[in-house]
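Just so we're on the same page, our numbering is the position in the sequence shown counted from 1, plus 58.
For every residue, glycine included, the Cβ atom is placed at its ideal position computed from N, Cα and C.
Accompanying notes for the structure given below.
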Amino acid sequence: MKNKFYWIGSVVILFLSVICFVVFGVGTEIIAALTGESNSPVFGKYDGKKIQMVPGTDFANAVQNYANYYQNQGANLDENTYFYIYNYAFNSAVQAMTYKSEVAKSGYKPSAKSVNRILLPYFSRDGKYDPELYNQITESDRNAMKKDITSQLSYMRFSDDVFGSSEKVGENTLFGLKESSKEAEFLQAMAYTKRSFEMATFDKTAYPDSEVKAYAAEKADMFNKYSMSVVSVKEEAQAKKLVNQLKNNEVTFEDAVKEYSEKWYSNGDGLITDSYEYQIKENLANADDFSKIAALEKDAVSEAIKTNNGYSIYKNNGDKVAADFNNAETFEAVKNYIKTNESGRIEDYFMAKANAFVEKAKSTKEFSAACESQNVKYGYVPAVPLNYGEVSFADKVEVEDVPEMVNASTNENLLQKAFALKFDEISEPIVNGNYILVLKLSSDQKVDLSDEAKAKIPTSVKEYDQSSAQSAVLTSKKVENKVAEVYFNN
59 MKNKFYWIGS VVILFLSVIC FVVFGVGTEI IAALTGESNS PVFGKYDGKK
109 IQMVPGTDFA NAVQNYANYY QNQGANLDEN TYFYIYNYAF NSAVQAMTYK
159 SEVAKSGYKP SAKSVNRILL PYFSRDGKYD PELYNQITES DRNAMKKDIT
209 SQLSYMRFSD DVFGSSEKVG ENTLFGLKES SKEAEFLQAM AYTKRSFEMA
259 TFDKTAYPDS EVKAYAAEKA DMFNKYSMSV VSVKEEAQAK KLVNQLKNNE
309 VTFEDAVKEY SEKWYSNGDG LITDSYEYQI KENLANADDF SKIAALEKDA
359 VSEAIKTNNG YSIYKNNGDK VAADFNNAET FEAVKNYIKT NESGRIEDYF
409 MAKANAFVEK AKSTKEFSAA CESQNVKYGY VPAVPLNYGE VSFADKVEVE
459 DVPEMVNAST NENLLQKAFA LKFDEISEPI VNGNYILVLK LSSDQKVDLS
509 DEAKAKIPTS VKEYDQSSAQ SAVLTSKKVE NKVAEVYFNN
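Have a look at this one:
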């Protein structure tokens, strides 16, 4: 009977985003083995208060409720699912503790009448109070139900006041922050204003070989290749001991590799896997120590050198090979290095090209002709809305057929500059992923927004507000999250 009443309560006053209160359904085995604080690990803290799997707490109730929810959806409750359940439950518990804490500071306490008003339907039949139902529940269980409902009402006081509820007086919602008509108009404008653009594209992946060769000529020494072996160990003392043993011929380098090396920077035989000069330097804790390695005679062994992992001893197996940029492998290594470590150089190159294009295009009436005359790729962006982050009440930024615009919906700089353009105005160069774009506004259209779409806006705003609130709560300095550590260790 208790579970039946708790299920009803959950339907009436719970919503899934915070599922910390009334325990319902099945799944009590999750916490049956944990009978108190002494047996329960601490999954984290909120404002110094422990979050534990103790029956009746927000966290324990949330774990059980999420487990029941997943089970009712037909999910397999395996270890991975339970890990997600514990994480969701922790987040929900923190949110509930935060809201109830703020309500407590205000001095608000749910009245006995408000608690009884929610309890009354539990003990009613055909719309009337039924003493028989009331007497089927023990006093202890009734008190537990009152405690749960009081907790819920405290939480909902904060949630309703800030985010609103379904209760209305006439056409106006009873709770929640009020919105101005100007705000509604602004959000509607996001949904029904669409723009299309002509586009010039500069592809950063098409960095010319001539620029790669120019960089290689500047940095030739970086791509010298070394024939080295290396032994890597965790502790400096062990590395120094090995250096002495190697110098005294007490152990061979090959045996040192087999018996002691962690092989962080070598293959199984001890040969270094990153043999270009810049790669060896990158593995050193102090790049200046490279001079000690470069100065080694053939078959000579270095001192113990601190590397990013532990300490390493290098052995020179032969002369270095000067960089040959006519060699395809070396040339490819330079290209990859620039892409990984000098992406700013690539962007500067194409940004200069794009700026030059903008200057010339402004004096040309036909944008497409300007692209053709300057050998720049021309394209067209179909009508898209100003919808940063793909909010649900506006159309999506549909650009699947325009690869240069992929992820445009999350590029704030691109959207700001594109939607600030006047007719026939050409934008400054805009970076979007691997592309630099120059846009020209070609059309501005209004789309009729249906009543259904307009009605979605307040609900969507409320959902985004709730999501933002949870994000803010979970990043608070008051929150200490140890769910992963405790879950996998226990």
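Check: Simplified DSSP assignment, three categories, for proline 487; Outcome: coil
Check: Three-way DSSP call (helix, strand, coil) for aspartate 199 in this model; Outcome: helix
Check: 8 angstroms contact criterion, which valine 289 and serine 319 should meet: CB distance rounded; Outcome: 4 angstroms
Check: Buried/exposed call for threonine 196, threshold 16 Cβ in 10 Å; Outcome: exposed
Check: Local Cβ density within 10 Å of glutamine 110, reported as buried at 16 or more and exposed below that; Outcome: buried
Check: Glutamate 538 - partner residues in DSSP beta bridges; Outcome: Lys103
Check: Simplified DSSP assignment, three categories, for glutamate 87; Outcome: At glutamate 87, the pLDDT of 44 sits below 50, so the modelled position is not reliable and the matter cannot be decided from this model.
Check: Reduced DSSP category for tyrosine 187 - H, G, I as helix; E, B as strand; rest coil; Outcome: strand
Check: Valine 455 classed as buried or exposed, judged by whether at least 16 other C-beta atoms fall within 10 angstroms; Outcome: buried
Check: Rounded distance between the beta-carbons of valine 309 and glycine 328, thought under 8 angstroms; Outcome: Wrong, their Cβ atoms sit about 13 angstroms apart, outside the cutoff.
Check: One or two residues paired with serine 525 in a DSSP bridge; Outcome: According to DSSP, serine 525 bridges with nothing at all.
Check: Given 8 angstroms, three or more beta-carbon pairs between the stretch 247-262 and the stretch 287-302; Outcome: no
Check: Leucine 300 - containing alpha helix (DSSP H), residue span; Outcome: 294-305
Check: Exposure of glycine 402, with buried meaning 16 or more beta-carbon neighbours within 10 Å; Outcome: exposed
Check: First and last residue of the uninterrupted alpha helix (DSSP H) at threonine 398; Outcome: 386-399
Check: Element boundaries [alpha helix (DSSP H), containing threonine 115]; Outcome: Neither: threonine 115 is in no alpha helix (DSSP H) and is coded neither H nor E.
Check: Alanine 147 versus lysine 158 - alpha carbon distance; Outcome: 16 angstroms
Check: Length of the line joining the Cα atoms of methionine 155 and serine 500; Outcome: 52 angstroms
Check: Simplified DSSP state of tyrosine 142, which is helix, strand or coil; Outcome: helix
Check: Phenylalanine 73 burial status per 10 Å Cβ neighbour count (16 or more: buried); Outcome: Its pLDDT being 39, under 50, phenylalanine 73 is placed unreliably by the model, and the measurement read from it follows with that caveat. The residue is exposed, with fewer than 16 neighbouring Cβ atoms inside 10 Å.
Check: Euclidean distance between Cα positions of phenylalanine 221 and tyrosine 522; Outcome: 10 angstroms
Check: Beta-carbon gap between lysine 378 and glutamate 430 smaller than 9 angstroms; Outcome: no
Check: For tyrosine 369, the nearest candidate out of Ser526, Glu424 and Trp322 (CA to CA); Outcome: Trp322
Check: Ranges of the alpha helix (DSSP H) found wholly within the stretch 222-263, counting only runs of at least 4; Outcome: 239-250
Check: Nonlocal neighbours in the same chain, by C-beta distance under 6 angstroms from leucine 497, ignoring five residues either side; Outcome: Phe255, Met257, Ala476 and Ser485
Check: Within 9 angstroms, strictly: CB atoms of glutamate 462 and leucine 495; Outcome: yes
Check: 7 angstroms Cβ shell around phenylalanine 141 - same chain, five flanking residues per side excluded; Outcome: Tyr545
Check: Beta-bridge pairing of glutamine 110 - partner residues as DSSP gives them; Outcome: Val100
Check: Inter-stretch contact at 8 angstroms, needing at least 3 Cβ pairs: the stretch 127-138 / the stretch 167-176; Outcome: no
Check: Cutoff 7 angstroms; reference alanine 380; Cβ partners in own chain excluding five residues on either side; Outcome: Asn282
Check: Contact under 9 angstroms by Cβ, tyrosine 127 with threonine 139; Outcome: no
Check: Burial state of aspartate 482 (16 or more Cβ within 10 Å); Outcome: exposed
Check: Tyrosine 273, enclosing alpha helix (DSSP H) - first and last residue; Outcome: 267-276
Check: Where proline 443 falls: helix, strand or coil (DSSP); Outcome: strand
Check: Reference leucine 342, options Lys364, Met203, Lys305 and Lys435, closest by Cα; Outcome: Lys364
Check: Phenylalanine 389 vs lysine 299 beta-carbon contact at 9 angstroms; Outcome: no
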